[in-house]
Amino acid sequence: MSTTLDPQGLTPVRIAGAPISWGVCEVPDWGYQMPAERVLTEMQSLGLAATEFGPDGFLPEDPEAKAAFLDAYGMHAVGGFLPTVLHDPDHDPMSDVDPFIDACLAAGAGVVVLAAATGVEGYDARPVLDELQWKTLLTNLDRIADHATERGVVAAIHPHIGTVVEDADEVQRVLDGSHIGLCIDTGHLAAAGADPVAITLANLPRVKHVHLKDVDSATAARVVAGEVSFADAVAGGMWRVLGQGDVDISAMIAALRTHGYDGWYVLEQDVMFKNGAPAGEGPVADVRASLDFVKAALA
Numbered sequence: 032m033s034t035t036l037d038p039q040g041l042t043p044v045r046i047a048g049a050p051i052s053w054g055v056c057e058v059p060d061w062g063y064q065m066p067a068e069r070v071l072t073e074m075q076s077l078g079l080a081a082t083e084f085g086p087d088g089f090l091p092e093d094p095e096a097k098a099a100f101l102d103a104y105g106m107h108a109v110g111g112f113l114p115t116v117l118h119d120p121d122h123d124p125m126s127d128v129d130p131f132i133d134a135c136l137a138a139g140a141g142v143v144v145l146a147a148a149t150g151v152e153g154y155d156a157r158p159v160l161d162e163l164q165w166k167t168l169l170t171n172l173d174r175i176a177d178h179a180t181e182r183g184v185v186a187a188i189h190p191h192i193g194t195v196v197e198d199a200d201e202v203q204r205v206l207d208g209s210h211i212g213l214c215i216d217t218g219h220l221a222a223a224g225a226d227p228v229a230i231t232l233a234n235l236p237r238v239k240h241v242h243l244k245d246v247d248s249a250t251a252a253r254v255v256a257g258e259v260s261f262a263d264a265v266a267g268g269m270w271r272v273l274g275q276g277d278v279d280i281s282a283m284i285a286a287l288r289t290h291g292y293d294g295w296y297v298l299e300q301d302v303m304f305k306n307g308a309p310a311g312e313g314p315v316a317d318v319r320a321s322l323d324f325v326k327a328a329l330a
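According to this note's numbering, the sequence shown is numbered sequentially starting from 32.
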């Protein structure tokens with residue numbers, strides 16, 4: 032289901048999958064990593080025809096091989112998640128961005144989803160940036176946005192727990208100080224105490240990509256307070272099936288549809304399998320439930 036026809040005559044909704052919903056993650060020692068063959072087969076079985084790339088190593092590295100691999104499963108890419116350091120004056124993020132754009136162009140994908148990485152692995156600690164680091168970050172965001180446009184794709188910053196752009200104040204600083212697009216991740220914004228619907232409605236022209244994600248807000252508050260690690264919270268089920276957490280996903284979809292958003296809605300439920308391959312049907316059951324929730328929200 033790459034595109035869902037809208038029975039109310041509003042903007043059609045384009046739905047994609049994400050490998051993180053199958054536990055495939057860029058963080059070292061995250062847990063059992065499902066092979067791409069299983070993940071793509073199960074996406075296809077749900078009627079999904081589009082996916083984000085997933086982390087390095089999940090799909091073939093060569094851009095043409097990556098595109099061919101996806102095509103073999105009847106899938107195409109919409110883009111993907113690219114964590115890179117943006118605040119360090121001694122680091123040029125273009126060395127990460129350009130190969131990613133190469134892969135997007137080869138696979139017909141259109142979105143570079145940037146995360147402002149801290150420079151250390153994982154999402155359990157983050158620095159407080161000084162003014163020079165903020166200036167560097169904002170300058171790099173504009174450089175990347177302009178360069179992506181020149182090459183025919185869109186760049187969007189993804190506020191994410193454990194990165195240097197996480198909460199509402201940091202999102203606002205990015206919006207005020209740069210012109211890059213915004214990837215709304217409903218779960219990560221809510222987990223940081225922000226209101227994803229309010230941010231979306233206040234910045235509709237900047238919204239270029241959407242991750243639909245639900246969260247147990249009480250657990251997320253413990254992560255933000257430093258009482259539990261991000262990794263342990265994920266392993267414990269912090270991220271929920273859409274409609275079973277504390278984010279008003281239906282309101283988010285309604286807000287975007289009624290204001291003409293025509294980008295992708297990516298289904299995400301970050302999971303971790305610490306003890307090997309999951310028993311039984313596995314994560315496809317949760318993805319199916321999330322997809323059913325979105326279908327009901329569209330009815």
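Each residue gets a CB set at the ideal place from its N, CA and C atoms; glycine is no exception.
Residue from D301, V297 and Y296 with nearest C-alpha to I222: Note on residue identity: the sequence assigns Ala, not Ile, to residue 222. Across the set D301, V297 and Y296, the C-alpha of D301 shows the shortest separation from the C-alpha of A222.
Three-state secondary structure assigned by DSSP to L273: coil
Beta-carbon proximity of L287 to T231, cut-off 8 Å: yes
Helix, strand or coil at H178 [DSSP, three-state]: In the displayed model, H178 falls within a helix according to three-state DSSP.
Cβ neighbours of P314 in the same chain (closer than 7 Å, five flanking residues each side left out): S52, W53, G54 and V302
Residue from A179, A229 and G88 with nearest C-alpha to L136: Out of A179, A229 and G88, A179 has the C-alpha closest to the C-alpha of L136.
Simplified DSSP assignment, three categories, for C56: coil
Nearest residue (CA-CA) to A186, options K166, A308, E197 and I211: I211
V318 - DSSP class collapsed to helix/strand/coil: helix
Continuous beta strand (DSSP E) stretch holding V143: start and end: V142 to A148
Through-space distance from L169 to V29, alpha-carbon basis: Outside the displayed span of the chain (32 to 330) sits residue 29, for which this structure offers no information.
CB-CB length for A148 against H107, believed under 8 Å: Going by Cβ atoms, the distance from A148 to H107 rounds to 27 Å, so no, they are not a contact pair.
Simplified DSSP state of W295, which is helix, strand or coil: Here W295 sits in strand by DSSP.
3-residue-minimum beta strand (DSSP E) runs that sit fully inside the stretch 174-257, ordered along the chain: Qualifying beta strand (DSSP E) stretches, in chain order: 185-188, 212-216 and 238-243.
Helix, strand or coil at V116 according to DSSP, with G and I counted as helix: strand
The stretch 152-161 / the stretch 126-142 touching (three or more Cβ pairs under 8 Å): no
Bridge partner(s) assigned by DSSP for E83: G110
Pairwise C-alpha distance: D198 and D207: 14 Å
Local Cβ density within 10 Å of L36, reported as buried at 16 or more and exposed below that: Here the model assigns L36 a pLDDT of 49, short of 50, so the residue's position is not dependable and the matter cannot be decided.
Run of the alpha helix (DSSP H) containing A103, from where it starts to where it stops: P94 to A103
Assigned exposure category for L117 - 16 Cβ within 10 Å defines buried: Buried, because 16 or more other Cβ atoms sit within 10 Å of the Cβ of L117.
Residue from D245, A249 and F261 with nearest C-alpha to V318: D245
Residues that DSSP places opposite G354 in a beta bridge: No answer is possible for residue 354: it lies beyond the span of the chain, which begins at 32 and ends at 330.
Per DSSP, the bridge partner or partners of L163: According to DSSP, L163 bridges with nothing at all.
DSSP bridge partner residues for L90 (one or two, in chain order): D87
Buried or exposed by the 16-neighbour rule on C-beta atoms within 10 Å, applied to S209: Burial state of S209 is buried, judged by a 10 Å Cβ sphere holding 16 or more other Cβ atoms.
DSSP three-state assignment for K305, whether helix, strand or coil: coil
Distance CB(A146)-CB(F84) smaller than 8 Å: no
DSSP state of A310 mapped onto helix, strand, coil: coil
C-alpha distance - G105 paired with P124, whole-angstrom precision: C-alpha separation (whole angstroms): 32 Å.
Sequence-distant residues of its chain with Cβ nearer than 7 Å to G307 (five each side left out): Closer than 7 Å at Cβ, skipping near neighbours: Y63.
Option in I215, L71, T250 and A264 with minimal Cα separation from V196: I215
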